[in-house]
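**Q** This is the structure I have questions about; it appears just below.
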Amino acid sequence: MNTTVTPAAAHPHGSEAVAIAAERRWAIVVGVIIALLVLMMVVTGLHWAAMPPSRVETVDVNTLHLKGEFVEDNLGTTLGPDGKVMVRLIAQQYSFVPQCIVVPAGMPVTFRATATDAIHGFVVGTTNANTMLIPGFVATFTTSFRRTGEHLMPCHEYCGTGHEAMWARVQVLPAPEFLARARGGERLDCVPR
Ligand code: CUA
C-alpha cells in the first residue's frame, strides 16, 4: 500500500512508516472483530444445536378447541388477580379469535397465542408486537403500548388464499379506563368508537 502525502514530501520515509503502522493497527482491529463474529457464530450455532433458541411450549392442536387454555371462552384479554394483563388468541384460516383485542396503554401486556391449522403470524400496527404462530406451539411475548388508539393487526405469514383478508383490531385504551372496565375479572371486549 502506497500513500501519497504531499506536505510530508520532505520526510517521505517517515510518513510512509506512519501510514504502514496505522494500516497495521486497523488490520489488527478488523481481524479481532472478524474473529469475534466468527466465534459468536460458532458458539451460538453449537449452543442452539443443543438447546432451542427460546422457550418452547407445545400444545395439542387436536384438543385446542375442546379443553385447556385456548378454548373459546378463555380467549381475549383478562386482568389477573396479580394485576397482570394477559391476551390469549388463536389464529386460523382466515381469522383471529377474538376479532378485536383490548389492551391498556403503558402497562405490560403478555400475549399467548397459537395457530390451529397453518402457520400464521401477526403484527400490531407499527408497534414491536410481532410474532409467528405455528400449530402445536404457543407463542408468547410481553410488550407495552405507548399510545392509545386503534391498530390493525394483520396476519403476516402467507397462509393460503384468504391470507390478505385475515386481520384483527387492537384497541389501546387509557390504563384507568381499561382497569375500570376490567374489574370483575371477566374477558374484555372492544368498545365501539
Ligand atoms: Cu393467516 Cu396469513
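For the sequence shown, this note's numbering assigns the number 1035 to the initial residue and increments by one for each residue that follows.
By construction, the Cβ of each residue, glycine as well, lies at the ideal position given by its N, Cα and C atoms.
All values derive from a computational prediction rather than experimental measurement.
(1) Got a sec: does ligand 1 put a non-hydrogen atom nearer than 8 angstroms to the Cβ of M1187?
(2) With distances taken Cα to Cα, identify the nearest neighbour of A1152 among A1139, V1143 and P1169.
(3) Taking its Cβ as the centre, do 16 or more other Cβ atoms sit within 10 Å of T1195, making it buried, or is it exposed?
(4) Measure the C-alpha to C-alpha separation of T1165 and T1092 and round it to an integer number of angstroms.
(5) Express the C-alpha separation of I1124 and V1105 in angstroms, rounding to a whole number.
(6) Around the Cβ of A1051, are there at least 16 other Cβ atoms within 10 angstroms (buried) or fewer (exposed)?
(7) Does the stretch 1155-1164 come within contact of the stretch 1097-1115, defined as at least 3 CB pairs closer than 8 angstroms?
(8) I need the DSSP call for V1121, collapsed to helix, strand or coil.
(9) Sorted by chain position, which residues of the same chain lie with C-beta nearer than 6 angstroms to G1183's C-beta, five sequence neighbours on each side aside?
(10) Quick one: is L1167 buried, meaning 16 or more other Cβ sit within 10 Å of its Cβ, or exposed?
(11) Beta carbon of E1191: closer than 8 angstroms to some heavy atom of ligand 1?
(12) I'd like to confirm the pairing. Which residues does DSSP put opposite S1129 in its beta bridges?
(13) On the CB-based measure, 16 or more other CB atoms within 10 Å of its CB, does V1064 come out buried or exposed?
(14) Using the Cα positions of L1071 and L1080, report the straight-line distance between them to the nearest angstrom.
(15) By Cβ distance below 6 angstroms, which residues in the same chain neighbour T1174 in space, the five residues on each side in sequence not counted?
(16) Give the secondary structure of V1093 by DSSP, where H, G and I count as helix, E and B as strand, and everything else as coil.
(17) Might you give, ordered along the chain, the residues of its own chain that have their beta carbon closer than 6 angstroms to the beta carbon of Q1133, omitting 5 neighbours on each side?
(18) For H1047, is the classification buried or exposed, using 16 other Cβ atoms within 10 angstroms of its Cβ as the cut-off for buried?
(19) My output table needs one value for T1161: the three-state DSSP class, helix, strand or coil.
**A** Working from what's here:
(1) no
(2) P1169
(3) exposed
(4) 16 angstroms
(5) 9 angstroms
(6) exposed
(7) no
(8) strand
(9) V1206
(10) buried
(11) yes
(12) Q1126
(13) exposed
(14) 14 angstroms
(15) R1146
(16) coil
(17) A1202
(18) exposed
(19) coil
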